[in-house]
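K.L.:
Before I ask anything, here is the structure I am working with.
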Amino acid sequence: MNPAEIDLASEALAPPFIEVRMAVLESLLSRGRPRHYPAGEVIYPAERVSSEMYYLFRGQVKQSILTTNGVEKTLGWVRPGCMFGEALFLTGCPSQASAVAVEDSLVYVFSRRTMEELFVQHPELLYEVARSLSYKVRLLTSHIWVMASEGAADRIGKLLYLLTRDSSDPAPTLQLTHQALADLASVHRVTASQALARMSKEGVLERRRGQITIRRRDLLERFRLG
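First residue of the sequence shown: -6, per my numbering; consecutive thereafter.
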């Protein structure tokens, strides 16, 4: 799935995107090692133990896991200006997710020794890392909330609610294909299309090619506590 299919209008509309900018770290890139990753190249695989942190300067990176039946579940896309791999660095445990460049990407890699020095020299960097991790905890909690739904239609409804709940637009539009939505909800594309068709008939949303516009946000509220 092309992450451009989910080019949402703002950070508030984008739980799948990891967009906690690391302003302090951005000023310290000379302390990291630049690495170029062409589209499709694995930055780190699942089960890897790493003592490095990664900063995405250019491009886009997808983080995902494989379910027990071999289906890929997208956790989020890292955008430029953000860090990833913090949990691996801090815990020293094997990664449960993989990170793959989905377009040509320039990543700055920071070793453990370098990061430990930077934490002492720039303690505000610790706050940035904590913010990034807190955002990802919220993101993963949202994934669990969606996946805990008993039916596929509920997953789709909850996901649409999450993607639009913080928007100030009374009729937010998501640049989102049926396949992209299905991948995020871990359901078949046909199932996602059927759920969207039902919601369209109910007046909840309007579908156009590559777009979903929410017309009745109040009707999505039923998924908030579902």
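A virtual CB, placed ideally from N, CA and C, is assigned to each residue, including glycine.
(1) Assess, as a yes-or-no matter, whether the segment 49 to 58 is touched by the segment 80 to 92 under the definition of 3 or more beta carbon pairs within less than 8 Å.
(2) Quick one, which of 53, 39 and 47 has its alpha-carbon nearest residue 15's?
(3) In chain order, what residues of the same chain have a beta carbon less than 6 Å from the beta carbon of residue 126, not counting five sequence neighbours either side?
(4) Since residue 204 is in the beta strand (DSSP E), which residue starts that stretch and which ends it?
(5) If contact is defined by three or more beta carbon pairs under 8 Å, each pair taking one atom from either stretch, is the segment 187 to 207 in contact with the segment 155 to 166?
(6) Are residue 173 and residue 96 touching if we call contact CB-CB under 8 Å?
(7) What runs of the alpha helix (DSSP H), each 4 residues or longer, lie entirely inside the segment 103 to 191?
(8) Nearest CA to the CA of residue 168: which residue from 193, 184, 116 and 203?
(9) With DSSP run on the structure shown, which of helix, strand or coil describes residue 80?
(10) Going by Cα to Cα distance, which pick from 210, 115 and 37 is closest to residue 154?
(11) Going by the DSSP bridge assignment, what does residue 67 pair with across the sheet?
(12) Does the distance from the C-beta atom of residue 69 to that of residue 132 stay below 8 Å?
(13) In or out: residue 151 buried (at least 16 other Cβ within 10 Å) or exposed?
(14) Between the C-alpha atoms of residue 6 and residue 120, what's the straight-line distance to the nearest angstrom?
(15) Helix, strand or coil, according to DSSP, for residue 44 in the structure here?
(16) From which residue to which residue does the beta strand (DSSP E) around residue 213 run?
(17) Note down the Cα distance separating residue 145 from residue 208, rounded to an integer number of angstroms.
(18) For the beta strand (DSSP E) holding residue 35, just list the boundary residues, first then last.
(19) For residue 184, which of 20, 117 and 148 has the nearest alpha-carbon?
P.N.:
In this structure, then:
(1) yes
(2) Position 22 of the sequence shown, counted from the first residue, corresponds to residue 15. Of 53, 39 and 47, the residue nearest in Cα terms is 47.
(3) Here residue 126 corresponds to residue number 133 of the sequence shown, with the count starting at 1. Excluding sequence neighbours, residue 126 sits near 79.
(4) On the sequence shown, residue 204 is found 211 positions in, with the first residue counted as 1. Its beta strand (DSSP E) spans residues 204 to 207.
(5) yes
(6) Residue 173 sits at position 180 when you count from the first residue of the sequence shown. Residue 96 sits at position 103 when you count from the first residue of the sequence shown. The answer is no: Cβ separation not under 8 Å.
(7) 105 to 114, 117 to 140, 145 to 157 and 171 to 178
(8) Translated into the one-based positions of the sequence shown, residue 168 becomes position 175. The shortest C-alpha separation from residue 168 is found at 203.
(9) Along the sequence shown, read from residue 1 onward, the residue named residue 80 stands at position 87. Note: residue 80 maps to helix in three-state DSSP.
(10) Along the sequence shown, read from residue 1 onward, the residue named residue 154 stands at position 161. That would be 210, whose Cα lies nearest to the Cα of residue 154.
(11) The residue given as residue 67 occupies position 74 in the sequence shown. Residue 67 pairs with 57.
(12) Here residue 69 refers to the residue found at position 76 when the sequence shown is read from its first residue. Here residue 132 refers to the residue found at position 139 when the sequence shown is read from its first residue. For residue 69 and residue 132, yes; Cβs fall inside 8 Å.
(13) Residue 151 sits at position 158 when you count from the first residue of the sequence shown. So residue 151 counts as buried.
(14) Counting from one through the sequence shown, the residue named residue 6 turns up at place 13. Counting from one through the sequence shown, the residue named residue 120 turns up at place 127. Reliability fails at residue 6, whose pLDDT of 31 lies under 50, so the model's placement of it is uncertain and the value that follows must be treated cautiously. Each residue's alpha carbon lies about 24 Å from the other.
(15) Reading the sequence shown from its first residue, position 51 is the one you call residue 44. The answer is coil: DSSP assigns residue 44 none of H, G, I, E or B.
(16) Mapped onto the sequence shown, residue 213 falls at position 220. Counting along the chain, residue 213 falls outside any beta strand (DSSP E), though it belongs to the alpha helix (DSSP H) covering 210 to 213.
(17) The sequence position of residue 145 within the sequence shown is 152, counting from 1. The sequence position of residue 208 within the sequence shown is 215, counting from 1. In a straight line, the C-alpha of residue 145 is about 21 Å away from that of residue 208.
(18) Indexing the sequence shown from 1 puts residue 35 at position 42. 35 to 37 is the extent of the beta strand (DSSP E) around residue 35.
(19) Translated into the one-based positions of the sequence shown, residue 184 becomes position 191. Comparing Cα positions, the closest option is 148.
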